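This report refers to the structure that appears directly beneath it.
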Amino acid sequence: MATIRTTADDIALVGLLRAGDETAFMMLVDELGPSMRRVARMYVSTEAVADEVVQEAWLGVLRGLNGFEGRSSLRTWIFRILVNTAKTRGQRESRNVPFASLAGDDLDAPTFDPGAFLTVGDAQGHWSTLPFDWRGMPEERAEATETMHVVGGAIAMLPPMQAEVIRLRDILGWSSEEVRNALDITETNQRVLLHPARAKVRVALEDHFRSVTEAGAGA
Amino acid sequence: MSVDASITCREVVEILNDYLEGELPEPERVRVDDHLVGCVGCSTILEEFRQTIRLTGMLTVEHVSEVQRATLLDAFRGWKAPA
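Here it is in structure tokens:
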């Protein structure tokens, strides 16, 4: 569920944490925990080490709480601590993770099948046949858990950094600025990761709705 | 189908996400706007991108394991905020 928090909300939340409010702390753990664990796992060798990194990062967050001034959002600030902790731990493990292996090696590749476009003639580069149109289908099948499985499955297949960018942006509803600060990537990288991520989920949905249509027509 | 010859569908679909994000520089944004007016295929894809974002937003957030919740709650209880 997307959450939008203002600086004032963050400052209030930090106040609760400083006062030892367990409900506030656990709310934050529940919101950020799954993403933190996956991001930690990008930089270290095992799930167990990732868990340690997450715990270490939370302790760092608590230690640094008095220094939080709201210059970035609280969740961004927490992620920066996490990413730094994970990178340090990864270095200690002598684990060198090239950005390309996290981001995927297909960032420059076209996300659409080149066969969908004309290759000769005046209209070269335009659609050879119109793309399959599934725009009305999610409305008709709004509650279909199957559709949600398709989306979830497509995200799970993405390279880790593409998957995390689309999760933070589109599932958790973070801004592009928050995502790039949280994951310690550039503005360009955020954009370059989000595009293929969304494009691949769209293709998965297209394949799904096409097969549903064909199954319906064949029945 | 009358389509702006200055940009092809193959090019448009690769920048539609940047278009949606409001990240395209002005001249390029206008070219995409003009293209979309005359192109059913690219307009379909744009709307499908919007639907994709909407459907992704309907996914449920995953949960933190009970073990990790308990460990972190212990850590929080053990921590005393500096005055």
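Quick mapping for you: the protein sequence lines, in order, are chains A and B.
Each number in my numbering comes from the position in the first sequence (counting from 1) with 1300 added on.
Each number in my numbering comes from the position in the second sequence (counting from 1) with 12 added on.
Even glycine gets a Cβ: it sits at the ideal position worked out from N, Cα and C.
Predicted, not measured: the structure shown is a model, and the values here were computed from it.
- Proximity of chain A to A87 (chain B) at the Cβ level (cut-off 7 Å) is accounted for by Q1355, W1358 and L1359, in chain order.
- When rounded, the separation of the alpha-carbon atoms in E78 (chain B) and C54 (chain B) is 46 Å.
- Out of A:R1305, A:I1466 and A:E1439, the CA that lies nearest to the CA of G1452 (chain A) is found in A:I1466.
- If you compare the alpha carbons of A:D1351, A:T1486, A:V1479 and A:V1512 with that of W1377 (chain A), the shortest gap goes to A:V1479.
- L1317, R1318, A1319, G1320, E1322, F1325, M1326, V1329, D1330, E1331, G1333 and P1334: these are the residues of the stretch 1314 to 1334 of chain A whose beta carbon lies less than 8 Å from some beta carbon of chain B, given in chain order.
- The C-beta of G50 (chain B) comes no closer than 8 Å to any C-beta of chain A.
- With at least 16 other beta carbons inside 10 angstroms of its own, T1385 (chain A) counts as buried.
- With the rule of 3 Cβ pairs closer than 8 Å, the stretch 1391 to 1401 of chain A counts as touching the stretch 1336 to 1349 of chain A.
- Residues of the stretch 70 to 87 of chain B that bring their beta carbon within less than 9 Å of a beta carbon in chain A comprise M70, L71, T72, V73, E74, H75, V76, S77, V79, Q80, R81, T83, L84, L85 and A87, in sequence order.
- At least one CB of chain A lies nearer than 8 Å to the CB of L67 (chain B).
- Ranked by Cα distance from A1416 (chain A), the options A:N1489, A:F1325, A:L1332 and A:T1429 are led by A:T1429.
- Q1424 (chain A) counts as exposed, since fewer than 16 other beta carbons sit within 10 angstroms of its beta carbon.
- Taking a contact as a CB-CB distance under 8 Å, the pair V1501 (chain A) and T83 (chain B) does not count as one, their CB atoms being some 33 Å apart.
- Straight-line measurement puts the Cα of V76 (chain B) at about 35 Å from the Cα of R1510 (chain A).
- Within chain B, the C-beta atoms nearer than 8 Å to that of G1452 (chain A) come from L71, in chain order.
- Listed in chain order, the alpha helix (DSSP H) runs fully inside the stretch 21 to 80 of chain B are 21 to 33, 38 to 50 and 52 to 68, counting runs of at least 4 residues.
- The C-beta distance from A1497 (chain A) to A1463 (chain A) rounds to 7 Å, short enough to fall under 8 Å.
- The alpha-carbon of D1321 (chain A) is positioned some 22 Å away from that of S1372 (chain A).
- Using beta-carbon distances, H1426 (chain A) counts as an interface residue toward chain B, with a partner under 8 Å.
- For F1368 (chain A), not one C-beta of chain B is nearer than 8 Å to its own C-beta.
- Residues of the stretch 1485 to 1504 of chain A that bring their beta carbon within less than 8 Å of a beta carbon in chain B comprise R1491, L1494, H1495, R1498, A1499, V1501 and R1502, in sequence order.
- At least one CB of chain A lies nearer than 8 Å to the CB of D30 (chain B).
- A distance below 8 Å separates the beta carbons of V44 (chain B) and I27 (chain B).
- Closer than 8 Å to the CB of E33 (chain B) there is at least one CB belonging to chain A.
- Counting of Cβ neighbours within 10 angstroms places E1506 (chain A) among the buried residues, the total reaching 16 or more.
- By the rule that beta-carbons nearer than 8 Å mark a contact, I1381 (chain A) does not touch chain B.
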